[in-house]
Amino acid sequence: MTNFTNNNIVWLVDATTYTKSLDSRLKGMKQVFYSLKSLAKKCKELDTVLYSDKTFSAGLLRIATILDSNGYEVYYVHIEKAIEALLNDTYPMPNIVAFSAVCPTVDLCSEFTNFIKNINPNVKAVIGGPQAFVAPNTLKKRYKAFDDVISESDCNAASRVVGRVVTYDQGGNFLNYRLLPDNINKYCLNIATYLGCEYSCGFCIEPLMPKQIMPLDGGITSFLSELVPNKLIHVCDTSLGGSYFRALRVLEEMRMINHNKFLSCDLRYDFIDENTIIGLKKAGFVEVNIGIDSYNSSISGKATFAEMTRRLQMIRKYSNLYVSVYLVSGLPGYDHEQFILNKDMISILYGERLVDQIKHHIYVPYPTDHNHKYNSKVIIATDDWTKYDRQSFPVYRLQTMDSDEIWEWYLEIERHINDKWRESLGKTKEEIQAEPTHIDYNLAYYK
Ligand code: SF4
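Take any residue in the sequence shown, note its place counting from 1, add 121, and you have its number in my numbering.
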């Protein structure tokens, strides 16, 4: 084991993704789903786009970048490689470990902290990331292993990590990708032009995250030269640019950069009009993701299905964009009738060729410190945070449905998505089975 020799060694431990075993029935359906995805991408001539199955946390890399520029010796490690790295002396023994975690990985971070403190009790361990942003007090009470829970970002967070004020004068959105364990081209590249969300849709806790205006180019110009051709870059703003008019400015900025790459983004339904669609095309976007969540707008807090279809038709009229929408099963307010309405909606979306793909996950009532408007509408069945996963058996029940019913309907919707997708592509089951799966990080982390 490496000796403790330097006060400036910081491990930044990325626990924002995790490996999860899927239910065996769901696993079979996901394999079909990813074969269908491969076919759908070919139909849109996107099979040459370079997607990736690895991710990293931009927030954590930003802290690594700041600390590195302040003279700290930083190592970016994925949580699932952390123990191995420690036992194999892959990196020098840290003085500080800083985690970025989502709800299901906090236990793992706590276990790693206990493990490393058994070796060296002087190691300082801090935790931040999405779960710390929405539930810092709950997290402090629940986990005693951490020395600090950080619900700040950038220089403020970096200062809390090392316990002294650090500054950063390179400005902008500069991330030092060389600090990642692998080459930049091996990762899904997420850039942001706006962090947080100004909206407040039904169940979503994103508005609890801090808001921050980022550069209009999302920092893309600082690393373009390092990317291989055909690389996909995803603008991960929850609502592009933060508002409709800023979205147009982002699109104009992207158009002016001769990036020669493929772009994708998430887009709010009410940003979709002729201006944004043409702007997306001119800026090099090939794919958009749109949240529909549920047929019933009083459940989703978004538009009616009639309004959604009008906007989707507009995309079809003015572009050849690959349109992916997502649904959430088991939201408060769901009953059998709502699931049937969602099935009809899926039949229409594929039958009328309004979309190229429908993603689907199960509602997760993530713990927050705040009294979220949905808290009173769900009955929590387990407080085991490792089970708070979007592709797993529900951790709650509703007044209207128990957990088993929600799960069986979830599988039924998943099956229906595959069936209607296959029909819309005009393929037989045998043809789908022969198709290789389109690997992306969703599949890579679910085994
Ligand atoms: S669903 Fe999207 S637009 Fe609505 S609050 Fe959440 S992140 Fe914002």
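Using N, Cα and C, we set each Cβ at its ideal position, and we do this for glycine too.
- Between Q459 and Y390, the alpha-carbon positions lie close to 21 Å from each other.
- Beta-bridge annotation (DSSP): D387 is paired with N410.
- Taking the Cβ of Y320 as the reference point, at least one heavy atom of the ligand SF4 falls within a distance shorter than 7 Å.
- Secondary structure of S142 (DSSP, three-state): coil.
- The residues L475, in chain order, have a CB closer than 7 Å to that of T430 in the same chain once the five nearest residues on each side in sequence are set aside.
- DSSP places S272 outside any beta strand (DSSP E), giving it a letter other than H or E.
- At a Cβ-Cβ threshold of 8 Å, S173 and E556 do not count as neighbours.
- Within a 10 Å sphere around the beta-carbon of I341 sit 16 or more other beta-carbons, which makes this residue buried.
- Under the three-state reduction of DSSP output, H457 falls in the helix class.
- According to the DSSP assignment, N311 belongs to no alpha helix (DSSP H) but to the beta strand (DSSP E) extending over L310 to I312.
- L260 and A179 have their C-alpha atoms roughly 22 Å apart.
- Contact check for I479 and L448: beta-carbon distance about 6 Å, within the 8 Å limit, so the pair qualifies.
- For the 8 Å CB-CB criterion, V223 and G250 form a contact.
- DSSP places G400 inside the alpha helix (DSSP H), whose first and last residues are E395 to A404.
- Sorting C276, R285 and D303 by C-alpha distance to the C-alpha of Y196 places D303 at the top.
- Non-local C-beta neighbours of L147 in its own chain, meaning closer than 8 Å and more than five positions away in sequence, comprise Q512, L532 and E535, ordered along the chain.
- One thing to note: K423 has its Cβ no nearer than 8 Å to the Cβ of I436.
- Residue pairing by DSSP places E535 opposite no residue, since no beta bridge is assigned to it.
- About 12 Å separates the beta carbon of T186 from that of F344, a gap too long to meet the 8 Å contact definition.
- Our two residues, Y484 and K352, have alpha carbons roughly 31 Å apart in a direct line.
- Its Cα nearest to that of T211, the residue W132 stands out among P225, S190 and W132.
- The ligand SF4 never approaches C386 closely enough for any of its heavy atoms to be under 7 Å from the residue's Cβ.
- Of the residues T176, H491 and E395, the one whose Cα lies closest to the Cα of T137 is T176.
- Across the structure, I334 and Y308 are spaced so that their CA atoms are roughly 24 Å apart.
- Contact check for Y487 and V255: beta-carbon distance about 7 Å, within the 8 Å limit, so the pair qualifies.
- Going by C-alpha positions, T359 is about 15 Å away from L337.
- Shortest Cα-Cα distance from R299 to any of S364, L348 and S419 involves L348.
- Distances taken from the Cβ of S415 to the heavy atoms of the ligand SF4 include none shorter than 7 Å.
- A heavy atom of the ligand SF4 is found nearer than 7 Å to the CB of E327.
- When C386, R285 and H481 are compared, the shortest CA-CA separation from V409 is found for C386.
- The three-state secondary structure of Q333, taken from DSSP, is strand.
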